[in-house]
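*Asks:* Those letters in the sequence shown? Residues 9 to 580, by our numbering.
Where is the CB? At the ideal position from N, CA and C, for every residue including glycine.
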Amino acid sequence: MKPPVIIPAYQPGPELEKLVRALRSDPGRELIIVDDGSTGDSAAVFAALAALPNVHLLRHAANLGKGQALKTAFNYFLTSMSPEYPGVVTADSDGQHLPEDIEKVGQALLKKPSALSLGIRAFKGPIPARSLLGNSLTRLVFRVFSGRPLRDTQTGLRAIPRDFMKELLKVPPQGYEFELEMLLLAVRSRLEIKEIPIKTVYLGNNEHSHFNPLWDSLRVYFVFLRFAASSILSAIVDYAVFSAVYLFSSKIFLSIAAARLLAGALNFTLGKNLVFRSRRELLPELVKYAALVAFLMSVSYGLVTSIVIFLGINVYLAKLIAETGLFLASFAAQDILVFPHHEDEGGTAAPRPTDWDRYYAAPASPARFTRKITERLFLTAIDKYAARPITRFCELGGANSCFYSAISETYPGALYTVIDNNRRGLELLRERCKVPEKLELRRDDILASPPPALNADIVFSAGLIEHFSPKQTARAIQAHFACARPGGLVIISFPTPTWLYTAVRKAAELLGLWIFFDERPLALAAVEKEMARYGEILSSGINWKIILTQGFIAARASAAGSAAAALEPGEA
9 MKPPVIIPAY QPGPELEKLV RALRSDPGRE LIIVDDGSTG DSAAVFAALA
59 ALPNVHLLRH AANLGKGQAL KTAFNYFLTS MSPEYPGVVT ADSDGQHLPE
109 DIEKVGQALL KKPSALSLGI RAFKGPIPAR SLLGNSLTRL VFRVFSGRPL
159 RDTQTGLRAI PRDFMKELLK VPPQGYEFEL EMLLLAVRSR LEIKEIPIKT
209 VYLGNNEHSH FNPLWDSLRV YFVFLRFAAS SILSAIVDYA VFSAVYLFSS
259 KIFLSIAAAR LLAGALNFTL GKNLVFRSRR ELLPELVKYA ALVAFLMSVS
309 YGLVTSIVIF LGINVYLAKL IAETGLFLAS FAAQDILVFP HHEDEGGTAA
359 PRPTDWDRYY AAPASPARFT RKITERLFLT AIDKYAARPI TRFCELGGAN
409 SCFYSAISET YPGALYTVID NNRRGLELLR ERCKVPEKLE LRRDDILASP
459 PPALNADIVF SAGLIEHFSP KQTARAIQAH FACARPGGLV IISFPTPTWL
509 YTAVRKAAEL LGLWIFFDER PLALAAVEKE MARYGEILSS GINWKIILTQ
559 GFIAARASAA GSAAAALEPG EA
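#1: Could you tell me whether any non-hydrogen atom of the ligand NAD is closer than 6 Å to the CB of I15?
#2: I554: which of S547, W507, A573 sits nearest, CA to CA?
#3: Compute the Euclidean distance between the alpha carbons of M190 and S197, then round it to the nearest angstrom.
#4: Note the first and the last residue of the continuous beta strand (DSSP E) segment covering N551.
#5: Rounded to the nearest angstrom, how far is the Cβ of I40 from that of A17, given a contact under 8 Å?
#6: Quick one: grab the DSSP three-state call for Y419.
#7: Would you mind working out which of C410, S258, P107 sits nearest T378, comparing C-alpha positions?
#8: Confirm, please, whether the CB-CB distance from I128 to E203 is below 7 Å.
#9: What does the alpha-carbon distance come out to for the pair A492 and R450?
#10: Pick helix, strand or coil for G114, following the three-state DSSP scheme.
#11: Here's the rule I'm using: 16 or more other beta-carbon atoms within 10 Å means buried, otherwise exposed. How should I15 be labelled?
#12: When the Cα atoms are used, what is the spatial distance from I545 to P11?
#13: For the beta strand (DSSP E) that F502 lies in, which residues bound it at each end?
#14: Tell me which same chain residues have a C-beta within less than 8 Å of the C-beta of E25, skipping the five on either side of it?
#15: Since Q558 is in the beta strand (DSSP E), which residue starts that stretch and which ends it?
#16: Would you list the residues sitting across from E383 in a DSSP beta bridge?
#17: Does the segment 364-372 touch the segment 381-395, meaning 3 or more C-beta pairs lie closer than 8 Å?
#18: By the three-class DSSP mapping on this structure, what secondary structure does V316 have?
#19: Within a Cβ cutoff of 6 Å, which residues of the same chain sit near K79, ignoring the five residues on either side of it in sequence?
#20: Between which two residues does the beta strand (DSSP E) carrying L124 extend?
#21: If we call anything under 7 Å between Cβ atoms a contact, is D453 one with N430?
#22: Are there 16 or more other CB atoms within 10 angstroms of the CB of W364, so buried, or fewer, so exposed?
#23: Confirm, please, whether the CB-CB distance from G114 to E23 is below 7 Å.
#24: What distance in whole Å lies between the Cβ atoms of L530 and E579, which are believed to be in contact at a cut-off of 8 Å?
#25: Could you check the C-alpha separation between S576 and R541 for me, to the nearest Å?
#26: Three-state secondary structure (DSSP) at V75?
#27: What are the boundary residues of the beta strand (DSSP E) that A464 is part of?
#28: At which residue ranges does the segment 150-213 contain complete alpha helix (DSSP H) runs of 4 or more residues, listed in the order of the chain?
#29: Checking contacts by CB at 7 Å: is G73 closer than that to chain D?
#30: Where does F318 land, buried or exposed, given buried means 16+ other C-beta within 10 angstroms?
#31: Is it the case that the Cβ atoms of I415 and I500 are separated by a distance below 7 Å?
#32: Spell out the partners DSSP gives I2 in its beta bridges.
#33: Nearest to E293 by CA position, among L188, A516, F276, is which residue?
#34: According to the neighbour-count rule (16 or more other Cβ atoms, all chains shown, within 10 Å of its Cβ), is F401 buried or exposed?
#35: Which word fits A130, buried or exposed, when buried means at least 16 other C-beta atoms lie within 10 angstroms of its C-beta?
#36: Name the DSSP beta bridge partners of H64, please?
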C-alpha cells in the first residue's frame, strides 16, 4: 500500500491542482489536502480537488500555520485511515516537489517504515538567495545544537513513520518552525533519518512561498535559541549571585550554595518547559533535579577550593574554570536523569544503524588507546578465571578484531573463532592474520539463527550487545553461553550510562563525531542479572579508565551450549 500524501496549502496557485492530478494518476494513492484558512479565489481550487476520488479535504477556519496544518492531517490519518499504512509523505503545495520525487520518498518509507526519510535538495545552479542563505544557516546551527549533520533541514518532502506522528501531535509550534522541531525530536529520540536525493525546483524565484524571511526565520531560530538561552541565563545568574555573596561573606561554600539555589530554580523551570519540554509529573523531576544540584554543588565546591589552594588562582576565575568543566555533565545529567525521553513517550522507531563498514575500515583515533585498556582487562580476567588448557576462543561481533593479535600471541596454540555478519570486517581480519590455520571466521548473525555449538573455553565480546533492543540484547547474551562449553568463561564488555559517558557522548554528538547512533548504554545490574541466568558471576564492575565508561562482567558458564540455547531469554 502506497503511503498517503499530505499537502498543507494556504492561498495556493495552480501548481497545487496540477500536482494533485499528477499524483491521482496512481488510482491506489490517497491524498490529504489541508486548506489552512485560504480565502478568495482559492475556494474554486479546493472545490475542484474535493470532487476527486481518494482526496480528503480538511479545512481550517483561519490560517493557523503550516505546523498546525500538518498536525491536523496527522490526526486525521491516525484516526480515520487504514492502520495498514506505515506512515505518510508530506509535500509542499507550491510545485517544488515533483511527483516522481514524492514517489521516491514514499518508497523509502515502505522499505524502512521505522525511519524518517527526507527529500534532500542539491542546492546547485540558480537558487533564490533567501532560500540558499536560510538553508545554509539553518544546517550549520542545526548541526551545532543537535550534533547531527543534515544536508537539507528545511525540506517539506518527508516520509514520516506512523508511531512518530503520535509524538509529533504533542509538539506545540504551529508555523514553519514545526518542521525544525520535528528534526530535533527525531535526533533526540535517536530515530533513524534517511536522506533521499531529489531534484531542486524553484518556480518563479520561489514567489509562491508564504515563508516570511524575517518573521518566520526568527521563529525558526528561536527553536535553537531556547536550547542555549537556558544555560547561558542560568550561568549568568549563578556567577552573579556567587560573586555578590562572596564579596560580602568571603565564604566559598555559602556563595556556591546561594548561587545554586537561585540559578537552579531558574534552570529547572526553563529546562522543563523550554529545552527538554518534559510532560512528566513535577515532583519526581524536582526531587531528581534537587539531588543533581546538591551533587554538582559539592563537586563545584571541591573544584573551586582545590583550584584556589593548589593553583593559587583568584576565586572568581576559579569559579569560572570549575563551572565550565561542569557544564556538559550538568546538561547530560538533566537530559538522561531529570527530563528523560523514554521510549513510551514516542521514538519507538529504530534509531539510525551504525555504519560498521566505515568503523572497521577506519576506527577512531582514541580507539587505539581505549582498546589497549580493555585488552588488558580481558587478558587479566582470562588469566585469573579460565580453566586450563585453553584450546578455543570465540569472539562475537569481532570482525577486524582489535583483540585478536594480543590473545593469539599470548595463547598461540588455541583456535580463535570470530562470529560476525559484517563481510568487510571479516576480510580485513583475514588479511591481518599471520597463522591462518588458527583463525576461524564465521559470517553469521547470532540473532537470526541459533549460534553454533562450539564448546569454546572462552567466549567474549566488546561493544556488541548494546546495539540491539532489550530483548535482542538478552538473546545476544544468551548466544555467548550457547557458544561456550560447560564451565567455560564468558566475558562481556559494554557501555554504561554513567555521567561521564553521557557527557562525553553529548560532546561528540554536538561536534558531529558520534557514529554509533544505535548504541544503547546498558545498566550494569541489568546485564549482570541476565548473565546470572546462565552461570556464576565471577566479577562485575565499571571500567572508568575509558571515558566512554564500560561495564565489564566475567561469568562461569553452567548452562552452556544447547542447555543455554534452550532457555527463554529475558530483557537487558
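*Replies:* This is what the structure gives:
#1: With respect to the ligand NAD, the structure offers nothing, as it holds no ligand at all.
#2: Among S547, W507, A573, the Cα nearest to that of I554 belongs to W507.
#3: Using only the alpha carbons, I get a separation of about 10 Å.
#4: Counting along the chain, the beta strand (DSSP E) containing N551 begins and ends at 543-551.
#5: At roughly 11 Å, the Cβ-Cβ gap does not stay under 8 Å, so I40 and A17 are not in contact.
#6: DSSP places Y419 outside both helix and strand once states are collapsed to three, so it counts as coil.
#7: When only C-alpha atoms are compared, the closest one is C410.
#8: Cβ distance < 7 Å, so E203 and I128 count as in contact.
#9: Rounded to whole angstroms, the gap between the alpha carbons of A492 and R450 is 16 Å.
#10: G114 sits in a helix when the DSSP states are folded into three classes.
#11: Burial call: buried.
#12: One C-alpha to the other measures close to 50 Å.
#13: For F502, the enclosing beta strand (DSSP E) starts and ends at 492-503.
#14: The residues V53, A56, L57, in chain order, have a CB closer than 8 Å to that of E25 in the same chain once the five nearest residues on each side in sequence are set aside.
#15: Segment 558-565, the beta strand (DSSP E) holding Q558.
#16: None; E383 has no bridge partner.
#17: With a cut-off of 8 Å, the segment 364-372 and the segment 381-395 do not count as touching, because too few Cβ pairs lie within range.
#18: Helix at V316.
#19: Cβ neighbours of K79 beyond the five flanking positions: L177.
#20: Annotation: the continuous beta strand (DSSP E) that includes L124 extends over 124-128.
#21: The Cβ-Cβ distance between D453 and N430 does not fall below 7 Å.
#22: Around the C-beta of W364, 16 or more other C-beta atoms lie within 10 Å, and the residue is accordingly described as buried.
#23: Their beta carbons are not under 7 Å apart, which means E23 does not touch G114 by this criterion.
#24: In fact, because the Cβ distance is near 11 Å, the residues do not count as touching under 8 Å.
#25: Reading off the sequence shown, one finds Glu at residue 576, where the question assumed Ser. Straight-line Cα distance between these residues: approximately 10 Å.
#26: Residue 75 is actually Gly in this sequence, not Val. Three-state DSSP puts G75 in a helix.
#27: Per DSSP, A464 belongs to the beta strand (DSSP E) from 464-470.
#28: Correct list: 170-176, 185-196.
#29: Going by chain labels, chain D is absent from the structure shown, which holds only one protein chain.
#30: When all chains shown are included, F318 counts as exposed.
#31: For the pair I415 and I500, the CB atoms are not nearer than the 7 Å cut-off.
#32: A question about residue 2 goes unanswered here, because the residues of the chain that appear run from 9 up to 580.
#33: Comparing Cα positions, the closest option is F276.
#34: Buried, because 16 or more other Cβ atoms sit within 10 Å of the Cβ of F401.
#35: Here A130 is exposed. Its C-beta has fewer than 16 other C-beta atoms within 10 Å.
#36: I40, per the DSSP bridge assignment.
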